[in-house]
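Peer 1: The structure's right below; bear with me while I get my questions together.
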Amino acid sequence: NAGVTQTPKFRILKIGQSMTLQCTQDMNHNYMYWYRQDPGMGLKLIYYSVGAGITDKGEVPNGYNVSRSTTEDFPLRLELAAPSQTSVYFCASSYQGLFGETQYFGPGTRLLVL
Amino acid sequence: EDQVTQSPEALRLQEGESSSLNCSYTVSGLRGLFWYRQDPGKGPEFLFTLYSAGEEKEKERLKATLTKKESFLHITAPKPEDSATYLCAVQAKDSSYKLIFGSGTRLLVRP
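Same order as they appear, the protein sequences are chains A and B.
Residue numbers for the first sequence follow this note's numbering, so the first one is 1 and each next one is one higher.
Residue numbers for the second sequence follow this note's numbering, so the first one is 115 and each next one is one higher.
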């Protein structure tokens, strides 16, 4: 299993440009998440999904959109890039159970908005 | 409000010098507490999950413990390859499995 994969690894955007960060998992996990991590800070939840067709906002959703058409894929869309969106973005997935289930993370996408 | 605080922010140890990292949390009903290791430029790597006060888990030189208010990650006789940022996160019972992360402890182990 490849686990959670993310593309691209690094991207530079100009202010106002749009882009989609791709995330794919091959573990048949029903839950998927997008986080952002700023330097010296913990991870903040942007959006999450509990299954195909179902998404919900996390702590910091403004400026982002998501969709979940399949179990495997959970892309994150930035419509009008702003310097405040410069960050490292991590996708994660987990399988829902009775107890807290482990989230497995991808390698991240580093985004610079200039 | 659910909250996680980690201390210290940074820790420098000599190889073989044991120490502990602290994770204090406030949550409305704990479903689970998670420890992750993060190397520079990489995603967090899962280490442990703890579910209830008194629980302990070990992996090589690492041992995680849990009380009702905090968790400790004990590092025994660390090696330079243990250098990384260690992240703590909690999951509340009413959270739809969302994680609340602390800001991490950056550990540097010198030979």
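Heads up, the beta-carbon is just placed ideally off N, CA and C, and yes, glycines get one too.
Here the structure is a predicted model, which is why all the values come from computation and not from measurement.
Within 9 angstroms (strictly less), CB to CB, does residue 102 (chain A) reach chain B?
Peer 2: On the first sequence, position 102 is the one that residue 102 (chain A) refers to. Yes, residue 102 (chain A) counts as interfacial toward chain B.
Peer 1: Cβ closer than 9 angstroms: which chain A residues qualify as neighbours of residue 217 (chain B)?
Peer 2: Numbered from its first residue, the second sequence carries residue 217 (chain B) at position 103. Near residue 217 (chain B) (Cβ distances below 9 angstroms), the residues of chain A are 40, 41, 42.
Peer 1: Any chance you could list the beta strand (DSSP E) runs of at least 3 consecutive residues sitting entirely within the segment 125-186 of chain B, in chain order?
Peer 2: With a minimum length of 3 residues, the continuous beta strand (DSSP E) runs that stay inside the segment 125-186 of chain B are 133-140, 144-152, 159-164, 170-173, 176-180.
Peer 1: Look at the alpha carbon of residue 105 (chain A) and the alpha carbon of residue 77 (chain A), and state the distance between them as a whole number of angstroms.
Peer 2: Within the first sequence, residue 105 (chain A) is the residue found at index 105, counting from 1. Within the first sequence, residue 77 (chain A) is the residue found at index 77, counting from 1. In a straight line, the C-alpha of residue 105 (chain A) is about 19 angstroms away from that of residue 77 (chain A).
Peer 1: For the segment 34-44 of chain A against the segment 130-148 of chain B, are there 3 or more C-beta pairs whose distance is under 8 angstroms?
Peer 2: At 8 angstroms Cβ cutoff, the stretches do not touch.
Peer 1: Assign residue 73 (chain A) to one of three DSSP states: helix, strand, or coil.
Peer 2: Locating residue 73 (chain A) in the first sequence gives position 73, counting from the first residue. Note: residue 73 (chain A) maps to strand in three-state DSSP.
Peer 1: Closest Cβ-Cβ distance between residue 174 (chain B) and chain A: below 9 angstroms?
Peer 2: On the second sequence, position 60 is the one that residue 174 (chain B) refers to. Not an interface residue.
Peer 1: For residue 17 (chain A), report the span of its beta strand (DSSP E) as first-last.
Peer 2: By one-based count along the first sequence, residue 17 (chain A) stands at place 17. Where residue 17 (chain A) is concerned, there is no enclosing beta strand (DSSP E), given that its DSSP letter is neither H nor E.
Peer 1: Does the beta-carbon of residue 126 (chain B) have 16 or more other beta-carbons within 10 angstroms, so that it is buried, or is it exposed?
Peer 2: Looking up residue 126 (chain B) in the second sequence gives position 12. Exposed.
Peer 1: Let's see if you can read the secondary structure: which residues bound the beta strand (DSSP E) around residue 43 (chain A)?
Peer 2: Taking the first sequence and counting its residues from 1, the one referred to as residue 43 (chain A) is at position 43. Looking at the DSSP string, the run of the beta strand (DSSP E) that includes residue 43 (chain A) is 43-51.
Peer 1: Using a Cβ distance threshold of 8 angstroms, determine whether the segment 180-196 of chain B contacts the segment 74-89 of chain A, with at least three qualifying pairs required.
Peer 2: Segments in contact, no.
Peer 1: Please confirm whether residue 147 (chain B) and residue 180 (chain B) have their CB atoms less than 9 angstroms apart.
Peer 2: Residue mapping note: residue 147 (chain B) aligns to position 33 of the second sequence, counting from 1. Residue mapping note: residue 180 (chain B) aligns to position 66 of the second sequence, counting from 1. Yes.
Peer 1: Going by Cα to Cα distance, which pick from A:73, A:111, A:11 is closest to residue 28 (chain A)?
Peer 2: Start at 1 with the first residue of the first sequence, and residue 28 (chain A) comes out as number 28. The candidate whose alpha carbon is nearest that of residue 28 (chain A) is A:73.
Peer 1: Do residue 219 (chain B) and residue 131 (chain B) have their C-beta atoms closer together than 9 angstroms?
Peer 2: To locate residue 219 (chain B), count along the second sequence from 1; it is residue 105. To locate residue 131 (chain B), count along the second sequence from 1; it is residue 17. It is not a contact, given that the beta carbons lie outside the stated cut-off.
Peer 1: Tell me the DSSP secondary structure of residue 209 (chain B) in three-state form.
Peer 2: Position 95 of the second sequence, counted from the start, is the residue given in the question as residue 209 (chain B). Residue 209 (chain B): coil per DSSP, three-state reduction.
Peer 1: Under three-state DSSP, which class holds residue 121 (chain B)?
Peer 2: Indexing the second sequence from 1 puts residue 121 (chain B) at position 7. Note: residue 121 (chain B) maps to strand in three-state DSSP.
Peer 1: What do you get for residue 158 (chain B), buried or exposed, if any count of 16 or more other CB atoms within 10 angstroms of its CB means buried?
Peer 2: Position 44 of the second sequence, counted from the start, is the residue given in the question as residue 158 (chain B). It is buried - the Cβ of residue 158 (chain B) has at least 16 other Cβ atoms within 10 Å.
Peer 1: According to the Cβ coordinates, are residue 26 (chain A) and residue 2 (chain A) closer than 9 angstroms?
Peer 2: Numbered from its first residue, the first sequence carries residue 26 (chain A) at position 26. Numbered from its first residue, the first sequence carries residue 2 (chain A) at position 2. For residue 26 (chain A) and residue 2 (chain A), yes; Cβs fall inside 9 angstroms.
Peer 1: Considering only their Cβ atoms, is the gap separating residue 161 (chain B) from residue 173 (chain B) smaller than 9 angstroms?
Peer 2: Residue mapping note: residue 173 (chain B) aligns to position 59 of the second sequence, counting from 1. Residue mapping note: residue 161 (chain B) aligns to position 47 of the second sequence, counting from 1. Yes, the Cβ-Cβ distance between residue 173 (chain B) and residue 161 (chain B) is below 9 angstroms.
Peer 1: What in chain A is Cβ-close to residue 201 (chain B), meaning under 7 angstroms?
Peer 2: Looking up residue 201 (chain B) in the second sequence gives position 87. Here the neighbours are 42.
Peer 1: Check the Cβ-Cβ distances between residue 122 (chain A) and every residue of chain B, and say whether any is below 9 angstroms.
Peer 2: Because chain A here runs from 1 to 114, residue 122 (chain A) falls outside it and cannot be looked at.
Peer 1: Smallest Cα separation from residue 212 (chain B): which of A:8, A:50, A:79?
Peer 2: The sequence position of residue 212 (chain B) within the second sequence is 98, counting from 1. Residue A:50 is the option with its Cα nearest to residue 212 (chain B).
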